[in-house]
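Residue numbering for the sequence shown follows the numbering used here, starting at 1411 and increasing by one per position. Report on one structure; see the data block that follows.
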Amino acid sequence: MPQFVSTLSAIFWGVLVLSILVTAHEAGHYFAARFCKTRVTEFFIGMPSRYKWSWCSKKHGTEFGITPVLLGGYTRICGMSPLSQVNYAQALALVQAHGTITVQQAADELGCSEDDAYSIFEMLVDWASIEPYYELEDGQKPDTRFRPTSYKTTLRDASFNTKFDDSFDENTCLMQAGSAQPLQQSAEAFFAQEQEKIYIGKKFWARFLMIFAGPVASFITGVLLMVLSLSVLGKDMPTNMPTVGSVVEGSLAQQVGLQAGDTFVTIGGQKIDAFTDFVLVIKEKLDKHESFELTYERDGVSQSVQVVPDQDTKIFGVRATVEHKHFSIPEAIGVTWNFSVQIAQFAVKLIIPTQTLDVVSQSSSVVGISVMASQAAASGVGDLLLFAAQISLSLAFMNLLPIPPLDGGKILIEIVQVIIRKPVSERAQAYISFAGVALFACLFLLSLKNDILRFI
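Given below as structure tokens:
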């Protein structure tokens, strides 16, 4: 039973911490997309699932919710996939003219295969320009595994804005979904107008901002949590006083009779004024396996003991005293900066082939994170917030690695497209993403192995 409770605790705290941090990360993508006036159809905590609990924003049309697969989260920004077909403008104009049109009818009018017509329509659905239409009397449902046989227009205002556009005006004469909405301009002009409202239709700086905002949000979250934990809640910190805080069970220090509260005076005739002095001198004695006289005070009375380390003794077995310290804001920011630098260096080493395995050997998977989150929660709110801050900062820097499908990999593709002055093909992006996923699958398995050996 205790093991069962421990497992449930690890799962609960791991899911809670990761869900909050992923939500903060995805919020960065969401608000950047809104700032760039880009359509966003979904914002979910959890991985995509047919089962979900959600509500739609009346102001922006975005569906916010949570799924039972609490292993992350996502923001669905419209139009992030590269164009892979032609006839998009003509296909969109067909839907606008008919109101509802079957894939077969569209394929006939466009002079293409049904598969190509379906691919075109699915891209336009991703843009939130049209919607799938389901024949309910034929048993079709939105969560069906089969392709919809028809597509329809979406809700638009008098200026042809959708509910996902900032300029949508519900007080105008609305054109309902599924109704014919004949265009007042050429198919190409309307398609270009739609493209301006999605990701691939934005300029480089806007696309960069939408991707980069996720890691930035994770970084800001990590900084705020760490500063809050260190300055407001405080943390137990070791002091530099030459006093024993605690003695390790079964250690050499316990064998010679040391107790918590004893204050070191000399070791082998060398005066000890600080705990760091003790650490340096005791290490030297243990490394040389030398016997020495240790003088200390207990309740104001000076005592001495002869210490004889054996060949296998590596540690003496005492810990420094601790005090609960509330850091000043500048001190807390300094600690956060130092940790961020360490994480950045760790991330860089991960992509250096000669150091990758060494870095992975020190990494943890979601299993290890869950266990450590549970342990941090058991230690108190301060430690839990500090742990969450460290994970958030790690997410920020790890996500900037130039490996698809991470944000850094997407930024790399955007930079390449600027250099070559044309989009990277959908097939090339798919191959690159597959290689990235395969790499991270291997890294995950290695990290999982570390966690099994460490915690189980």
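For every residue, glycine included, the Cβ atom is placed at its ideal position computed from N, Cα and C. Small disclaimer: the values here were computed from a predicted structure and weren't measured.
By DSSP's assignment, Ile1487 forms a beta bridge with Val1450. The criterion of a C-beta distance shorter than 7 Å is not satisfied by Phe1688 and Phe1702.
In this structure, Ala1527 and Ala1516 form a Cβ contact; the two beta carbons are roughly 5 Å apart against a cut-off of 8 Å. Here the C-alpha atom of Val1654 lies approximately 31 Å from the C-alpha atom of Trp1747.
Taking 7 Å as the cut-off, the beta carbon of Val1666 is found no closer than this to the beta carbon of Gly1727. In this structure, the alpha-carbon of Asp1579 lies about 31 Å from that of Ala1627. Within the model, the alpha-carbon separation for Pro1763 versus Ala1597 is close to 50 Å.
According to DSSP, residue pairing for Ile1540 in a beta bridge involves Thr1563. As the crow flies, the alpha-carbon of Leu1795 is around 38 Å from that of Lys1573.
DSSP places Glu1545 in the coil class of the three-state scheme, outside both helix and strand.
In the structure shown, Phe1570 falls within a coil segment according to DSSP collapsed to helix, strand and coil. Taking 4 residues as the shortest admissible run, the stretch 1617-1670 contains the following complete alpha helix (DSSP H) segments, listed from N- to C-terminal end: 1662-1665. Comparing alpha carbon positions, the residue from Phe1622, Ala1587, Ser1577 closest to Glu1606 is Ser1577. Rounded to the nearest angstrom, the Cβ distance from Ala1754 to Leu1431 is 18 Å, too far for a contact under 8 Å. Residue state for Ile1829 is assigned as helix, using DSSP reduced to three classes. For Gly1678, there is no enclosing alpha helix (DSSP H), since its DSSP letter is neither H nor E. In the structure shown, Ala1684 falls within a coil segment according to DSSP collapsed to helix, strand and coil. In the structure shown, His1435 falls within a helical segment according to DSSP collapsed to helix, strand and coil. For Gln1716, DSSP records a beta bridge to Glu1703.
Note on His1736: under 16 other CB atoms within 10 angstroms of its CB, so exposed under the neighbour-count rule. For Ser1464, there is no enclosing alpha helix (DSSP H); the enclosing beta strand (DSSP E) has its first and last residue at 1463-1466. DSSP places Lys1613 in the coil class of the three-state scheme, outside both helix and strand. The distance from the Cβ of Ala1434 to that of Thr1631 is about 4 Å, consistent with a contact at the 8 Å cut-off. Contact annotation: the stretch 1825-1838 does not touch the stretch 1473-1484, with fewer than three C-beta pairs closer than 8 Å.
When C-beta atoms of the stretch 1497-1507 are compared with those of the stretch 1521-1535, three or more pairs fall below 8 Å, so the two segments count as touching. Here Ile1455 has Ser1429, Thr1433, Ile1476, Gly1483 as same chain residues with Cβ atoms under 6 Å from its own Cβ, once five neighbours each way along the sequence are excluded. Val1728: not part of any alpha helix (DSSP H); member of the beta strand (DSSP E) spanning 1728-1730, first to last residue. In the three-state DSSP reduction, Val1834 falls in the coil class, being neither helix nor strand. Closest in alpha carbon position to Ile1677, among Lys1695, Phe1629, Ile1743, is Lys1695. If you look at Thr1512, you'll find it isn't in any alpha helix (DSSP H); it sits in the beta strand (DSSP E) that goes 1510-1512.
If the five residues before and after Glu1545 are omitted, its C-beta is found closer than 8 Å to the C-beta atoms of Thr1559, Ser1560, all from its own chain and listed in chain order.
Gly1819 sits in a helix when the DSSP states are folded into three classes. Classified as buried, Arg1617 has 16 or more neighbouring CB atoms from the shown chains inside 10 Å of its CB.
For Glu1580, there is no enclosing alpha helix (DSSP H), as DSSP marks it with neither H nor E. Counting other Cβ atoms within 10 Å of its Cβ, His1470 reaches 16 or more and is therefore classed as buried. Separation of the CB atoms of Gly1792 and Lys1645 is rounded to 6 Å, and the pair is thereby assigned contact status at 8 Å.
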